[in-house]
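Number of protein chains: 2
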Amino acid sequence: MDSAASLESATPSSRDKILDVAEERFARRGYAGVGVRELAEAAGLSKSSLFHHFRSKDVLYLAVLDRIFDRIERHIGPALSGAGSSLERVERAIDGLIDAMAEHPTTPRLVLRSLFEDDDLPEDEPANEMISKRLDALIEGFSELLTRGIESGEFRPVEPRHAIQTLIGATVFHFASGEFGEALIGTPLFAADAVAERKREVKSLIHSGLNRSGSAQETPR
Amino acid sequence: MDSAASLESATPSSRDKILDVAEERFARRGYAGVGVRELAEAAGLSKSSLFHHFRSKDVLYLAVLDRIFDRIERHIGPALSGAGSSLERVERAIDGLIDAMAEHPTTPRLVLRSLFEDDDLPEDEPANEMISKRLDALIEGFSELLTRGIESGEFRPVEPRHAIQTLIGATVFHFASGEFGEALIGTPLFAADAVAERKREVKSLIHSGLNRSGSAQETPR
DNA sequence: TTGTGGCCCGACCGAACGGTCGGTTAAGAT
DNA sequence: ATCTTAACCGACCGTTCGGTCGGGCCACAA
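Top to bottom, those sequences are chains E and F. First residue of the first sequence? That's 0 in numbering that gives the first Met the number 0, and the numbers climb one at a time after it. First residue of the second sequence? That's 0 in numbering that gives the first Met the number 0, and the numbers climb one at a time after it.
Take a look at the structure:
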């Protein structure tokens, strides 16, 4: 029936174009805010053709999310495993997370939406459950990392799950904040140096909060 | 939940009913995700009557946001002014911000939406500009607080605007995270003790990051 | 008594929504 | 030469969208 992932590299065309366009529009205006007509037109084909590639708007949206999580896992996966102290590994994971968010401006917005929106999406859709699983796995990876650092005495005994919430806010929200964030920070959020600075700021905040006594260790990247 | 109007006359007031209903629905599913018919029905009157109270869906949404910012200013305003060390004042502001988010579960979601969504709303609408002004003022208040703490040598020389982004993420996002957040933390986000714990966690993270002991712990490399 | 104005309604409007249907190409495969 | 199939399309479907319109009801002022 549906051989979704079987065709690989040799597809330059419509399907990917639709995904690209949908990713951008959905990120900016949300699932309910974008119509399939608009997507089809922007992708350069008719609405009927769009429905030829994706059986419904739902599955198109989920396909977009799927690609997003592919990219995130690609960036974070290597960072979570590997050697080093807990602090080093957490910092590497933060770098990876920020890289994932900065790769495409659409990523943080779609992730943020999928995190806080009580989705209108069908719960039964297998693609939906699969995405939840992947998200859970990522969270679990981070959680274990923090827990290990606390158990080994390297970190203060913070609640790891609260720290994860803060971390998500500091990374995902920052790069999702669009006009507001740019007005606040004063520069484009996705310029290479702005991304590098965000990494520095987040890591230094994680490392020693606002306290001066933490000393000014500039860990270069 | 009717807040201020309930002390007054026995009128539940259709207008307020509409605002209450709209606030809850918009918070959950966003501006584009909610139709005026649904709102009217949930408020117990007809669509035409809704349009008698609010000239368009836009102004209804903006009226909802307006109430939200009223509440936030009520909570944070006093905290920003007042005496004490910079750290004390920042912590008081964080308490106020979290109180504002925890007062109604709708608040953080609507704030988050208004921060990261490139709104479909008319830029010219005066109500829209007014909300932007109020947001700017809040940000400016926080920013001055941090800047003063840094200048006085009490805080590390972090970039205050980055710290603000992190702070917003740690507070607004946390309480906006709904199902995801509850699954992660493991308890209802808005229970009194959960709110208190979040205050503690955020303040301790702000205070000394993940580092054990507020001092030393030099990281080489 | 006769407004008058606040509040409410059913009926209706054109546009847009997600989705279907039948049919037309063009490229391979048999 | 025929059959299959992926890709595409225009036309159409029923529903819902935000919004309008004309009028009904009722408390209260003149």
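Don't be surprised by glycine CBs; every beta carbon is placed ideally from N, CA and C. No experiment lies behind these values; they were computed from the predicted model shown.
Quick one: list the residues of chain E neighbouring residue i, beta-carbon separation under 8 Å, in chain order.
{"i": "residue 31(F)", "result": "28, 29, 31 and 32"}
{"i": "residue 157(F)", "result": "200, 203, 204 and 209"}
{"i": "residue 123(F)", "result": "Here the premise fails: no neighbours, minimum Cβ distance about 16 Å."}
{"i": "residue 117(F)", "result": "27, 28, 177 and 178"}
For residue i, which residues of its own chain have a beta-carbon under 8 Å away from its beta-carbon, when the five flanking residues on both sides are left out?
{"i": "residue 124(F)", "result": "57, 58 and 61"}
{"i": "residue 204(F)", "result": "169"}
{"i": "residue 220(E)", "result": "Model confidence at residue 220(E) stands at a pLDDT of 35, short of 50, so the residue's coordinates are unreliable; what they give is reported in the following sentence. Counting only Cβ-Cβ distances below 8 Å, and skipping sequence neighbours, we find 94, 195, 198 and 199."}
{"i": "residue 225(E)", "result": "The structure shown does not extend to residue 225(E), since chain E spans only 0 to 220, so no value can be given for it."}
{"i": "residue 138(E)", "result": "163"}
{"i": "residue 48(E)", "result": "13 and 39"}
{"i": "residue 120(F)", "result": "30, 57, 60, 61 and 127"}
{"i": "residue 153(E)", "result": "84, 85 and 86"}
{"i": "residue 77(F)", "result": "95"}
Residues in its own chain within less than 6 Å of residue i by CB, not counting five upstream and five downstream?
{"i": "residue 141(E)", "result": "163"}
{"i": "residue 41(E)", "result": "20"}
{"i": "residue 16(F)", "result": "42"}
{"i": "residue 122(E)", "result": "none"}
{"i": "residue 129(E)", "result": "none"}
{"i": "residue 134(E)", "result": "none"}
Name the chain F residues whose beta carbon is nearer than 7 Å to that of residue i?
{"i": "residue 106(E)", "result": "Chain F residues near residue 106(E): none, gap ~13 Å exceeds 7 Å."}
{"i": "residue 114(E)", "result": "176 and 179"}
{"i": "residue 111(E)", "result": "115"}
Apart from the five residues just before and just after residue i, which ones in its own chain have a Cβ nearer than 7 Å to its Cβ?
{"i": "residue 214(F)", "result": "In this predicted model, residue 214(F) has a pLDDT of only 40, less than 50, meaning its place in the structure is not dependable; the value taken from the coordinates is given anyway. If we look at residue 214(F) and ignore the five residues flanking it on each side, it has no Cβ neighbours."}
{"i": "residue 181(E)", "result": "187 and 188"}
{"i": "residue 6(F)", "result": "Reliability fails at residue 6(F), whose pLDDT of 40 lies under 50, so the model's placement of it is uncertain and the value that follows must be treated cautiously. Within the same chain, residue 6(F) has no close Cβ partners at all."}
{"i": "residue 25(E)", "result": "33, 60, 63 and 109"}
{"i": "residue 75(E)", "result": "92, 95, 96, 99 and 137"}
{"i": "residue 44(F)", "result": "13"}
{"i": "residue 35(F)", "result": "46, 49 and 56"}
Give me the chain F residues within the contact set of residue i, using Cβ-Cβ distance strictly less than 8 Å, ordered along the chain.
{"i": "residue 233(E)", "result": "Residue 233(E) lies beyond the residue range present for chain E, which begins at 0 and ends at 220; the question has no answer from this structure."}
{"i": "residue 146(E)", "result": "The premise fails here: residue 146(E) is roughly 12 Å from chain F at the closest Cβ pair, so nothing lies under 8 Å."}
Among the options, whose alpha-carbon lies nearest the alpha-carbon of residue i?
{"i": "residue 37(F)", "options": "63(F), 20(F) and 159(F)", "result": "20(F)"}
{"i": "residue 173(E)", "options": "50(E), 132(E), 98(E) and 78(E)", "result": "98(E)"}
{"i": "residue 201(F)", "options": "161(E), 170(E) and 194(E)", "result": "161(E)"}
{"i": "residue 136(E)", "options": "23(E), 117(E), 102(E) and 71(E)", "result": "71(E)"}
{"i": "residue 52(F)", "options": "13(F), 81(F) and 79(F)", "result": "13(F)"}
{"i": "residue 232(F)", "options": "178(E), 66(E), 33(E) and 199(E)", "result": "Missing from the structure shown is residue 232(F); chain F here goes from 0 to 220 and no further."}
{"i": "residue 166(F)", "options": "118(F), 195(F), 177(F) and 94(F)", "result": "94(F)"}
{"i": "residue 66(F)", "options": "54(F), 27(F) and 23(F)", "result": "23(F)"}
{"i": "residue 79(E)", "options": "117(E), 96(E), 101(E) and 129(E)", "result": "96(E)"}
{"i": "residue 32(E)", "options": "87(F), 102(F), 117(F) and 82(F)", "result": "117(F)"}
{"i": "residue 89(F)", "options": "159(F), 176(F), 29(F) and 111(F)", "result": "159(F)"}
{"i": "residue 132(E)", "options": "69(E), 87(E), 100(E) and 18(E)", "result": "69(E)"}
{"i": "residue 85(F)", "options": "150(F), 49(F) and 47(F)", "result": "150(F)"}
{"i": "residue 73(F)", "options": "63(F), 55(F), 92(F) and 87(F)", "result": "92(F)"}
{"i": "residue 191(F)", "options": "100(F), 46(F), 119(F) and 128(F)", "result": "100(F)"}
{"i": "residue 178(E)", "options": "171(F), 127(F), 130(F) and 115(F)", "result": "115(F)"}
{"i": "residue 113(F)", "options": "206(E), 28(E) and 18(E)", "result": "28(E)"}
{"i": "residue 102(E)", "options": "127(E), 50(E), 129(E) and 171(E)", "result": "171(E)"}
{"i": "residue 50(E)", "options": "76(E), 75(E) and 18(E)", "result": "18(E)"}
{"i": "residue 54(F)", "options": "75(F), 206(F), 119(F) and 126(F)", "result": "126(F)"}
{"i": "residue 176(E)", "options": "77(F), 176(F) and 111(F)", "result": "111(F)"}
Shorter than 6 Å, the distance from the beta carbon of residue i to the closest heavy atom of the ligand FAD, or not?
{"i": "residue 126(E)", "result": "As far as ligands go, the structure on display features none, and thus does not contain the ligand FAD."}
If the cut-off is 9 Å on Cβ atoms, which residues from the segment 168-196 of chain E count as contacting chain F, listed in chain order?
168, 169, 170, 171, 172, 173, 175, 176, 177, 178, 179, 180, 182, 183, 184, 185 and 196
Closer than 8 Å is the cut-off here; do at least three beta carbon pairs connect the segment 145-162 of chain E with the segment 101-110 of chain E?
no
By the 7 Å beta-carbon criterion, what residues does the segment 38-71 of chain E contribute toward chain F?
none
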